[in-house]
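**Q**
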Amino acid sequence: MKINLKDLTIEETHNHFKNGDFTVRELVDAYLEVIKEKNPDINAYLEVYSDLDIQISKAEEIFKNGTDTLMTGIPISIKDNMLFDGHVASASSKILGGYKATYDAGVIKQLKKQGTIFLGRTNMDEFAMGSSTETSAYGNTKNPLDTARVPGGSSGGAVSSVAMDGAMAALGSDTGGSIRQPAAFTGLVGLKPTYGAVSRFGIISMASSLDQVGPLGKTVRDVEIIFNAINAYDRLDSTSIPLEKRKISNPSKPKRIGVPKEFLSGDGIEKEVLQNFEESCQKLKNEGYELVDVSLPLIKYSLAVYYILMPAEVSSNLARYDGIRYGLHEEGDKLLDIYTKSRGKGFGKEVRRRILLGTYILSHGYYDAYYNTAVRVRHAIKNELANIFLNVDAIITPTSPCLPFKFNEKIEDPIAMYMSDLFTVPANIADIPAISIPSGKNANGLPFSLHIMAPYLREDILFAIGKDFEK
Amino acid sequence: MKLEDVKKLADMARIDMSDSEMEGIAKDFDSILAYVGQVQEVSKSEGTQSSALTQEDYFLNNVMRDDVVTNKEGEYTEKILSNAPDTENGFLKVKKIL
Numbered sequence: 010m011k012i013n014l015k016d017l018t019i020e021e022t023h024n025h026f027k028n029g030d031f032t033v034r035e036l037v038d039a040y041l042e043v044i045k046e047k048n049p050d051i052n053a054y055l056e057v058y059s060d061l062d063i064q065i066s067k068a069e070e071i072f073k074n075g076t077d078t079l080m081t082g083i084p085i086s087i088k089d090n091m092l093f094d095g096h097v098a099s100a101s102s103k104i105l106g107g108y109k110a111t112y113d114a115g116v117i118k119q120l121k122k123q124g125t126i127f128l129g130r131t132n133m134d135e136f137a138m139g140s141s142t143e144t145s146a147y148g149n150t151k152n153p154l155d156t157a158r159v160p161g162g163s164s165g166g167a168v169s170s171v172a173m174d175g176a177m178a179a180l181g182s183d184t185g186g187s188i189r190q191p192a193a194f195t196g197l198v199g200l201k202p203t204y205g206a207v208s209r210f211g212i213i214s215m216a217s218s219l220d221q222v223g224p225l226g227k228t229v230r231d232v233e234i235i236f237n238a239i240n241a242y243d244r245l246d247s248t249s250i251p252l253e254k255r256k257i258s259n260p261s262k263p264k265r266i267g268v269p270k271e272f273l274s275g276d277g278i279e280k281e282v283l284q285n286f287e288e289s290c291q292k293l294k295n296e297g298y299e300l301v302d303v304s305l306p307l308i309k310y311s312l313a314v315y316y317i318l319m320p321a322e323v324s325s326n327l328a329r330y331d332g333i334r335y336g337l338h339e340e341g342d343k344l345l346d347i348y349t350k351s352r353g354k355g356f357g358k359e360v361r362r363r364i365l366l367g368t369y370i371l372s373h374g375y376y377d378a379y380y381n382t383a384v385r386v387r388h389a390i391k392n393e394l395a396n397i398f399l400n401v402d403a404i405i406t407p408t409s410p411c412l413p414f415k416f417n418e419k420i421e422d423p424i425a426m427y428m429s430d431l432f433t434v435p436a437n438i439a440d441i442p443a444i445s446i447p448s449g450k451n452a453n454g455l456p457f458s459l460h461i462m463a464p465y466l467r468e469d470i471l472f473a474i475g476k477d478f479e480k
Numbered sequence: 002m003k004l005e006d007v008k009k010l011a012d013m014a015r016i017d018m019s020d021s022e023m024e025g026i027a028k029d030f031d032s033i034l035a036y037v038g039q040v041q042e043v044s045k046s047e048g049t050q051s052s053a054l055t056q057e058d059y060f061l062n063n064v065m066r067d068d069v070v071t072n073k074e075g076e077y078t079e080k081i082l083s084n085a086p087d088t089e090n091g092f093l094k095v096k097k098i099l
C-alpha cells in the first residue's frame, strides 16, 4: 500500500505492521525518500545512520519472536546530544566534531531493546544553548511550516525532522523549554517529563539539575507511547527515581485547571498569542473543565533563577572539554595553550558567553549573591507550585510568548532570546512535567501552542487534558 | 563590567578569546546581570526566607555503590582511545608539564 506519512500515528503503524500492509523496511524507505528530498534545504538531520539495515533486521526479528511492543520498527530521529554506541554525537559543537559514542545512552538502550529504528541524529543549538537552533556549528535548521523562520530550539532539528515527515517522532532534551518551545513553533506535541523520570545517562550534559529527555510527536497519544517506553529507572543515573516511589495512589481524572492571570500580563507577550490562549481556555471549559484564577507571585522569577543556575552548571559541566581526551585539539607550546586554544576554537560564541557567565556567578564574592540566592528562590518557587497543586490539577499558559520568528531576529540580543523560555522554564525549575500542544494557526499559517504543567510524576494528567484538548 | 574583568574570567575558564568579543561580553553581562539580579530582591521578600537548602526534596539522595571494578581490564580502552587526538602505547599523550 502507498504509505501516507503525514497523518500516520504509532498505533496505526503498529497495526499496519501486524496486518502486513507494509513492512518496517518499506516504511523506513518512505522516510528516507522524504529526507533525501527535503533535508538539503531544511537541514533537520546532520547525519542519516548507515546501519539502518541492521536495525531493520533486528526489528523484524522481534516481530517474528512475538515480543514486539508499540515502539518496535517505529522510525524516529534522535537529538545530536544522545550517545548511540559507535555513532557520532557532537552536541552540534565543533569541539565534539567526529566524536564517536562508546556506549548507549539509557533512553537508547530502552528503545533499542524494543527494536525502535533510529534514522539519524538531528541538529540543535550548540550544547542545547539557544531557542532557535541558530547557535549550531553546523548551520541553521529551517522551520518546515515557513522556511524563512526558525524552528525554535534547542531541539530544532528534532521538530523539523518530524514536521517535514522525515521521522514519525523524535527524542529531544529540555533544560528550559528545548522540547516544548520548538514543538510549539512547528505545530507538534512535546513533553518535558518529571525530573528523574527518564534516564539522563549518556546524554551530553548541559545543566544537570534541569536537563530531561522527552518525546516529540504529532499527537498526544504518540508522545504518551514513547514516554511509556522510556519512563524507567536507571541505576546509572543517580537522579533516576526508583520505581516504587513512582506509584500514584488513586490517580483521579483532572477537573480543575489554574490560570495564572498576572503571569500573563507581563511585557513581551504577543497579543495574538494571548487571544489564542483565551480561545484555548474556552475550549477547555467546553470540554467540561473548571478554570480558576491562581496567584503565583514568584513564578515570574523562574527565568532569572534559570539564567543563574544554568550557566553555573554549564561552566562546570563543560570544563571537561580540554582537547586532550577527545574532540577538537589545537596545538600549543604549553599544555595550558592547548586547553585555551582548543576551547576557544571549539566552543561557539553563545557557549563561550555562558561559560564565562557561569564562571562569574560561581566566583568568590558573587557565589552567595547569585548562586545561593537562586537556589533559595528555586525552592520557594517549587513550594509555591506544590501548594497551588493542592487546589488545581494543572496550570495552563501559552507555550511561547511569541510566534516563530525570522532568522537573525534575536540572535544578537541575548535577553530577547532568553525571554522565549518565559513560560517553559518554571517546569524545569520545579522538576515537574509539562507538555505543549498545538492550539491552531494564525492567518499566516504560524502555529499557536498551549502549555500545561502538572504536579510531580503526574504525566497522566497532561495526557488526559491533552487528549480532550486535541479533539 | 570592565574588559579586564572579562579577561580574568576567560583565563579562569581556559578560553582563548579576542578583545572585541570580550568587549561585547562585558556589555551583554551588564544587561544579563541586571536581569538576573531580580533574585536578590525577591529573596528578601516573605516566603523565600524559610525555604531551607535541604537535600531531602522529592526523591533526590546520594546513591552509593561499592568501589569495585565492574568491567574487564582493557574492555573499553581501544574504543575510548580511538577518540583521542594523540596517543602512544595505549596512553593519552600530553605535553610535558614540569
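So the sequences go chain by chain: A and B. If you're matching positions, the first sequence starts at 10 in the numbering used here and goes up one per residue. If you're matching positions, the second sequence starts at 2 in the numbering used here and goes up one per residue. C-beta: ideal position from N, C-alpha, C; glycine also.
1) What are the start and end residues of each continuous beta strand (DSSP E) run of 3 or more residues lying completely inside the segment 210-271 of chain A, in chain order?
2) For Phe30(B), which residues in chain A fall below 9 Å Cβ to Cβ?
3) Nearest chain A C-beta to Glu24(B) closer than 9 Å, yes or no?
4) Would you report the Cα separation of Lys67(A) and Gly449(A), rounded to the nearest angstrom?
5) Is DSSP giving Glu46(A) helix, strand or coil here?
6) Just to confirm my understanding: we take Pro383(A), look at its own chain, exclude 5 residues before and 5 after, and list those with CB closer than 7 Å. What are they?
7) Does the beta carbon of Lys3(B) come closer than 9 Å to any beta carbon on chain A?
8) Only counting the same chain, and skipping five residues up and downstream in sequence, which positions put a Cβ closer than 6 Å to that of Thr349(A)?
9) Verify whether the separation of the beta carbon atoms of Asn52(A) and Ser140(A) is less than 9 Å.
10) Checking contacts by CB at 9 Å: is Leu55(A) closer than that to chain B?
11) Would you call the segment 227-237 of chain A in contact with the segment 253-267 of chain A, where contact means no fewer than 3 C-beta pairs closer than 8 Å?
12) What residues of chain A sit near Val69(B), judged by a beta carbon separation below 8 Å?
13) What's the C-alpha gap between Phe7(A) and Ser83(B)?
14) Tell me which residues share the same chain as Val282(A) and place their Cβ nearer than 8 Å to its Cβ, disregarding the 5 neighbours each side in the sequence.
15) Identify whether Tyr427(A) lies in helix, strand or coil by the three-state DSSP scheme.
16) Under the rule that 16 or more other beta-carbon atoms within 10 Å means buried, what is Ile444(A), buried or exposed?
17) Go ahead and pull the three-state DSSP assignment for Phe457(A).
18) Would the segment 390-397 of chain A and the segment 432-440 of chain A be scored as touching if the rule is three or more Cβ pairs under 8 Å?
19) What's the call for Gly297(A), buried or exposed, on a 16-neighbour Cβ count within 10 Å?
20) Give me the Cβ distance between Met177(A) and Ile87(A), rounded to the nearest whole Å; I'm assuming they're in contact under 8 Å.
21) Please classify Asn152(A) as buried or exposed, where buried requires at least 16 other C-beta atoms within 10 Å of its C-beta.
22) Among residues of its own chain, excluding the 5 on either side of Val303(A), which ones have a beta-carbon nearer than 7 Å to its beta-carbon?
23) Which one of Met91(A), Met173(A), Ile308(A) and Thr131(A) has the shortest CA to CA distance from Phe210(A)?
24) Run the CB neighbour count on Ser261(A), radius 10 Å, all protein chains shown included, and call it buried at 16 or more, exposed below.
25) Since Ile71(A) contacts Val57(A) with CB under 8 Å, what's their CB separation in whole angstroms?
26) Helix or strand or just coil, what does DSSP make of Thr55(B)?
27) Please look up how many angstroms separate the CB atoms of Gly196(A) and Met428(A), rounded, as I've assumed it's under 8 Å.
28) So, with DSSP's three-state summary, where would you put Ile19(A)?
29) Roughly how many angstroms lie between the CA atoms of Ala114(A) and Thr125(A), to the nearest whole one?
30) To the nearest angstrom, how far is the alpha carbon of Asp331(A) from that of Ala452(A)?
31) Confirm, please, whether the CB-CB distance from Gly355(A) to Ser145(A) is below 9 Å.
32) State buried or exposed for Lys295(A), treating a residue as buried only when at least 16 other CB atoms are found within 10 Å of its CB.
33) According to the neighbour-count rule (16 or more other Cβ atoms, all chains shown, within 10 Å of its Cβ), is Ser182(A) buried or exposed?
34) DSSP three-state call for Pro442(A): helix, strand or coil?
35) So that I know if they touch, is there some Cβ in chain A lying closer than 9 Å to that of Asn102(B)?
36) Quick check on Gln119(A): buried or exposed, where buried means 16 or more other Cβ atoms within 10 Å of its Cβ?
**A** Inspection of the coordinates gives the following:
1) 221-226 and 265-268
2) Arg362, Leu365, Leu366 and Tyr369
3) no
4) 39 Å
5) helix
6) Note on residue identity: the sequence assigns Ala, not Pro, to residue 383(A). Counting only Cβ-Cβ distances below 7 Å, and skipping sequence neighbours, we find Val314, Ile317 and Leu318.
7) no
8) none
9) no
10) no
11) no
12) Correct list: empty, because the minimum Cβ distance to chain A is about 15 Å.
13) One cannot answer for residue 7(A) here, as it falls past the ends of chain A, which runs 10 to 480.
14) Pro407, Ser409, Pro410, Cys411, Leu412 and Phe457
15) helix
16) buried
17) strand
18) yes
19) exposed
20) So it is not a contact: roughly 13 Å between Cβ atoms.
21) buried
22) Gly267, Val268, Pro269, Ile397, Val401 and Ile404
23) Met91(A)
24) exposed
25) With a Cβ gap of about 22 Å, Ile71(A) and Val57(A) do not count as contacting.
26) Because the pLDDT of Thr55(B) is 46, which lies under 50, any placement of that residue in the model is unreliable, and the question is left without a value.
27) That belief does not hold up - the Cβ atoms of Gly196(A) and Met428(A) are roughly 22 Å apart, past 8 Å.
28) helix
29) 14 Å
30) 49 Å
31) no
32) It is worth fixing the name first, because residue 295(A) is Asn in this sequence and not Lys. Exposed, because fewer than 16 other Cβ atoms sit within 10 Å of the Cβ of Asn295(A).
33) buried
34) coil
35) Examination of residue 102(B) is not possible in this model, given that chain B is present from 2 through 99 alone.
36) buried
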